[in-house]
Amino acid sequence: MINAAIIGTGAISDYHIDAYLSFPERCKITWISDVFPEKAGQKKKAKDLDAQIAASYKELLDKKDIDLVSICTPPFAHAETAVDFLNAGKHVLVEKPMAASLEECDAMIAAEKKCGKFLSIVAQNRFTDSIYNMKKTLDSGIVGRPLHVQADSHWYRGHSYYDLWWRGTWEKEGGGCTLNHAVHQIDILNWMMGMPPLSISSMLGNLSHDNAEVEDISISVLRYPRAMAQITASLVHHGEGQSIIIQGEKGRISAPWQPRASKPKPNGFPDADPEKEKEIDDFYRSLPKIEYSGHKGQIDNVLSAIEGKGNILVTGAEGRMALEIVTAIYKAGTEQRTIEFPLKKEDAFYTVSGIMKEVPHFYKKTASVNDLGGSITVGSAENKQR
Ligand SMILES: NC(=O)c1ccc[n+]([C@@H]2O[C@H](COP(=O)([O-])OP(=O)(O)OC[C@H]3O[C@@H](n4cnc5c(N)ncnc54)[C@H](O)[C@@H]3O)[C@@H](O)[C@H]2O)c1
1 MINAAIIGTG AISDYHIDAY LSFPERCKIT WISDVFPEKA GQKKKAKDLD AQIAASYKEL
61 LDKKDIDLVS ICTPPFAHAE TAVDFLNAGK HVLVEKPMAA SLEECDAMIA AEKKCGKFLS
121 IVAQNRFTDS IYNMKKTLDS GIVGRPLHVQ ADSHWYRGHS YYDLWWRGTW EKEGGGCTLN
181 HAVHQIDILN WMMGMPPLSI SSMLGNLSHD NAEVEDISIS VLRYPRAMAQ ITASLVHHGE
241 GQSIIIQGEK GRISAPWQPR ASKPKPNGFP DADPEKEKEI DDFYRSLPKI EYSGHKGQID
301 NVLSAIEGKG NILVTGAEGR MALEIVTAIY KAGTEQRTIE FPLKKEDAFY TVSGIMKEVP
361 HFYKKTASVN DLGGSITVGS AENKQR
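Printed below as a string of structure tokens:
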């Protein structure tokens, strides 16, 4: 039996709690903690948990009845909490984004190496049929080498979204929609490409949230050895249609699923290639459906690794790779020039204090409430186009 603790009992903790509760033979939630202990109390009641409550996570570091910790706090608190629990010999699953800087990511990875426990970063969209089986389709070689990838992180958030106390400042949220929303699509882009880009150019803006320091849009172009990609991170898109589209040498695949193939006429103009389209579609549809999806899929993956039955799918190194692209977007957008990978430790953007000093502060945060209430959405896990 794996004993789990939840740190931060706000909106996303529901997804972790529900996932743990769905595997009662394998795990038990023994502790929950929040800086507002009354929120932990409400969560315990709402979810009918047989768990104890701690006001500070530090009280939990030496508890014997904790093996695995889900960190569901705002981004600024991820690294310190994760490092403390790893050093205390606990496995850690941390919500996205992994942290607010590459310096923090490196501290987490160093702690993981030192203690020999697992560190995994939430990227629940990998655990969906559309993304998981798109990756298998790409890796099969059926569409050939990727030439162009389009990662659309199109979200919509109203003005009041930034009234929550930790959102809307570089210090606490760590960034805007590039760090906190597009990190999902960026992780998928990295996973599909299987390599870091060579360079990136970006523009940053805040078009519609004059109560936030951070960006509500960024548009970027990435160069790979023999491919290019584009990332749009936005909170101003109506309908929240997210997608990832890969143009391979021999065909197009995407999430949401839509295979396409063209072949050239003698004069080079395009003809449809229905045979190839069918071959791609048949391959994708022949793949088994994944057993558990979203957060449940990722928590199953982490439990299985602890049980010695598999590997962690989303590692600290991969969480860092997503952060490196986010950081490069901030650097390229701020300095208005093309940035090459890898980013160096001496770079001002390597640390949170450096990022805060360099980046544009678009507007001042105007309100701060402890809880916005209401339910949240976690995007279209299957990358639905609307
Ligand atoms: N995977 C996803 O799709 C997804 C969706 C939403 C949010 N998130 C991520 O989850 C994290 C939390 O977001 P949320 O929407 O649940 O926010 P939230 O404000 O609803 O919940 C965060 C909770 O953490 C508590 N907290 C803050 N600092 C703490 C500390 N040091 N120790 C213990 N508790 C602390 C807060 O009081 C709050 O109750 C963020 O990193 C966010 O990016 C992920």
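Sequential numbering of the sequence shown, starting at 1, is according to this note's numbering. Where a beta carbon is used, it is the ideal one built from N, C-alpha and C, also for glycine. All figures in this text were calculated on a predicted structure; none of them were measured in a lab.
Three-state class that DSSP yields for Asn311 in the structure shown:
Three-state result, Asn311: coil.
State the DSSP-derived secondary structure class of Asn370, mapped to helix, strand or coil.
Coil at Asn370, not helix or strand.
Should Thr410 go down as buried or exposed, given a rule of 16 or more other Cβ atoms within 10 Å for buried?
Limits of the chain in this structure are 1 at one end and 386 at the other, which puts residue 410 out of reach.
Is the beta carbon of Asp48 within less than 7 angstroms of some heavy atom of ligand 1?
False, no ligand heavy atom lies under 7 angstroms from that Cβ.
Compute the Euclidean distance between the alpha carbons of Ser130 and Trp191, then round it to the nearest angstrom.
Taking the straight line joining both Cα atoms gives about 14 angstroms.
Please report the residue range of the beta strand (DSSP E) in which Ser220 lies.
Unbroken beta strand (DSSP E) run through Ser220: Ile217 to Tyr224.
Could you check the C-alpha separation between Trp148 and Met195 for me, to the nearest Å?
Inspection of the sequence shows that residue 148 is occupied by His rather than by Trp. His148 and Met195: Cα-Cα distance of roughly 14 angstroms.
His154 and Ser234 closer than 8 angstroms at C-beta:
Yes, the Cβ-Cβ distance between His154 and Ser234 is below 8 angstroms.
Please classify Pro264 as buried or exposed, where buried requires at least 16 neighbouring CB atoms within 10 angstroms.
Answer is exposed; the Cβ neighbour count stays below 16.
So, for Ile200: in the same chain, excluding its five sequence neighbours on each side, which residues have a beta-carbon less than 8 angstroms away from its beta-carbon?
So the qualifying residues of the chain are Ser220, Val221, Leu222, Arg223, Ile325, Ala328, Ile329, Ala332, Thr338, Ile339 and Phe341.
Touch check for the segment 200–218 and the segment 169–188: three-plus C-beta pairs under 8 angstroms?
Touching, yes, given that three or more Cβ pairs across the two stretches are closer than 8 angstroms.
Between the Cα of Gln124 and the Cα atoms of Lys344, Arg252, Val83 and Leu93, which residue gives the shortest distance?
When each option's Cα is compared against that of Gln124, the closest is Leu93.
Length of the line joining the Cα atoms of Val314 and Asn267:
Put simply, the backbone Cα of Val314 is about 46 angstroms away from that of Asn267.
Do the segment 19–33 and the segment 48–68 meet, that is, are 3 or more Cβ pairs less than 8 angstroms apart?
Result yes; three or more Cβ-Cβ pairs closer than 8 angstroms.
Tell me the residue span of the alpha helix (DSSP H) that contains Gln258.
Looking at the DSSP string, Gln258 is not in any alpha helix (DSSP H), and its letter there is neither H nor E.
Give a yes or no on contact between the segment 89–107 and the segment 128–144, applying the rule of three or more CB pairs nearer than 8 angstroms.
No, because fewer than three Cβ pairs between the segment 89–107 and the segment 128–144 fall closer than 8 angstroms, the two stretches do not touch.
Decide yes or no for the touch test of the segment 59–69 against the segment 154–164: beta carbon pairs closer than 8 angstroms, at least 3 of them.
In this structure the segment 59–69 does not touch the segment 154–164; the number of beta carbon pairs closer than 8 angstroms is below three.
Endpoints, beta strand (DSSP E) assigned at Gln230
Taken as a continuous stretch (DSSP letters only), the beta strand (DSSP E) holding Gln230 covers Ala227 to Ser234.
Confirm the yes/no value for this check: CB of Ala11, any heavy atom of ligand 1, distance under 7 angstroms.
Flag set: Cβ of Ala11 near ligand 1.
Local Cβ density within 10 Å of Lys278, reported as buried at 16 or more and exposed below that:
An exposed status is given to Lys278, since fewer than 16 other beta-carbon atoms sit within 10 Å of its beta-carbon.
Proximity test, Gln124 beta-carbon vs ligand 1 heavy atom, cut-off 7 angstroms:
Yes.
Residue range of the unbroken beta strand (DSSP E) whose run includes Ser202
It spans Ser199 to Gly205 - the beta strand (DSSP E) in which Ser202 sits, taken as one unbroken run.
Within the continuous beta strand (DSSP E) that includes Ser243, where are the two ends?
Run containing Ser243: Ser243 to Gly248, per the beta strand (DSSP E) assignment.
Within a Cβ cutoff of 6 angstroms, which residues of the same chain sit near Asn206, ignoring the five residues on either side of it in sequence?
Here Asn206 has Glu215, Asp216 and Phe362 as same chain residues with Cβ atoms under 6 angstroms from its own Cβ, once five neighbours each way along the sequence are excluded.
Leaving out five residues before and five after Pro146 in sequence, what residues of the same chain have Cβ atoms less than 6 angstroms from its Cβ?
Within the same chain, Cβ atoms closer than 6 angstroms to the Cβ of Pro146 are found at Ala227, Ile246 and Gly248, the five residues on either side in sequence being excluded.
Kindly indicate which residue of Asp65, Lys114, Ser101 and Pro97 has the alpha-carbon position closest to the one of Asp84.
With distances taken between Cα atoms, Asp84 lies closest to Lys114.
Run the proximity test for Ala212: is its beta-carbon closer than 7 angstroms to any non-hydrogen atom belonging to ligand 1?
Result no, Cβ not under 7 angstroms from ligand 1.
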